[in-house]
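What follows is one structure encoded as structure tokens, with my remarks underneath.
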Amino acid sequence: MASNTLWKTLRIFNYNRCIPCTISLPLVNKQTVTVTPKWVNLSGNSYCDVVSEEPKKPNNKRKIFIPKITLLSENNEMTVMTIEEAEKLARRRDLKLVKVVDVETRVDRPVYRLMKIQDFLKEEAKTKAAAKDAREKAIKEDKTIAISGKIADNDLHTKIKSIHKMLRKRYGVRVVIAADGNVEKAKTVRDTVIESCKEIAKVVTKNDSAFNAKVTLRPILDKINQDKKKEDNDSEEEDSH
Numbered sequence: 001m002a003s004n005t006l007w008k009t010l011r012i013f014n015y016n017r018c019i020p021c022t023i024s025l026p027l028v029n030k031q032t033v034t035v036t037p038k039w040v041n042l043s044g045n046s047y048c049d050v051v052s053e054e055p056k057k058p059n060n061k062r063k064i065f066i067p068k069i070t071l072l073s074e075n076n077e078m079t080v081m082t083i084e085e086a087e088k089l090a091r092r093r094d095l096k097l098v099k100v101v102d103v104e105t106r107v108d109r110p111v112y113r114l115m116k117i118q119d120f121l122k123e124e125a126k127t128k129a130a131a132k133d134a135r136e137k138a139i140k141e142d143k144t145i146a147i148s149g150k151i152a153d154n155d156l157h158t159k160i161k162s163i164h165k166m167l168r169k170r171y172g173v174r175v176v177i178a179a180d181g182n183v184e185k186a187k188t189v190r191d192t193v194i195e196s197c198k199e200i201a202k203v204v205t206k207n208d209s210a211f212n213a214k215v216t217l218r219p220i221l222d223k224i225n226q227d228k229k230k231e232d233n234d235s236e237e238e239d240s241h
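Using UniProt numbering, the first residue of the sequence shown is number 1, and each one after it goes up by one.
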């Protein structure tokens, strides 16, 4: 039908050249038809009627990505939803929304759980207690104390008190005693330090050379924590009196 209409138009205006044109057919599924004659010969009554539909324009609208989470109910039932939906659900049920895992590797989604307020408080208390216990069991980095082999007894006693304080604060202590021309004297000072700290510290390394005698002490945490609790209890009893 389109080609016949085009042919009648060409005869009226006596065109004898190739004319590309576009015919819009809005009533036929709102499509646009393109008719491209290769050659028009009026005398021979011949023409080309190659018909093609206009290509559809791509939809460049960007889809908005809404991240989702895996939600565990009180009965451990899994549901996938947005964080906003989970928060609304928690408020509606008077529950606490708690993050369990930052990202679940299998599906690349964070995991949350709905918990009762009482259960959440108990879990939080357990977590804090475990963190405190881990801190109490952790030994801090080593500190170094240098002592001369010719040190006087009073000064050595002061140094040992400083070592005790460091050990009770859960620091490791590395003691270096300079020989100052007398290695045996340096070893004697080292042995005095070890003997004075044996109740709260253990020897990790012990070595000497022509220039010094060394020892590394690490705190005995059980003993230190036990002494600390005893001190706290004693102070509470004094306050009560």
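Each residue gets a CB set at the ideal place from its N, CA and C atoms; glycine is no exception.
By the Cβ-count criterion, residue 154 is exposed, with fewer than 16 other Cβ atoms from all chains shown falling within 10 Å of its own Cβ. A distance below 6 Å between beta-carbons, with the five flanking residues on each side excluded, links residue 211 to the following residues of its chain, in chain order: 179. Contact annotation: residue 70 and residue 98 have beta-carbon atoms that are not nearer than 9 Å. Sixteen is the threshold: when 16 or more other Cβ atoms of the shown chains lie within 10 Å of the Cβ of residue 166, as they do, the residue is buried. Apart from sequence neighbours up to five positions away, the residues of its chain that approach residue 147 with a beta-carbon distance below 8 Å are 156, 159, 175, 176, 177, 178, 189 and 193, ordered along the chain.
Taking residue 170 as the centre and dropping the five residues before and after it, the same chain places the C-beta of 139, 140 and 219 closer than 6 Å to its C-beta, in chain order. Your pair residue 137 and residue 115 does not check out as a contact, with CB atoms roughly 28 Å apart and the cut at 8 Å. Under DSSP, residue 206 forms a beta bridge with 215. The Cβ atoms of residue 149 and residue 185 sit closer than 9 Å to each other. The beta carbon of residue 90 lies closer than 8 Å to those of 96, 97 and 114 in the same chain, with the five residues before and after it left out. The three-state reading of DSSP puts residue 153 in helix, counting H, G and I together.
Counting only the Cα atoms, residue 208 lies some 23 Å from residue 199. Going by C-alpha positions, residue 130 is about 10 Å away from residue 124. For residue 164, the closest alpha carbon among the candidates 120, 68, 221 and 62 is that of 221. Rounded to whole angstroms, the gap between the alpha carbons of residue 144 and residue 152 is 20 Å.
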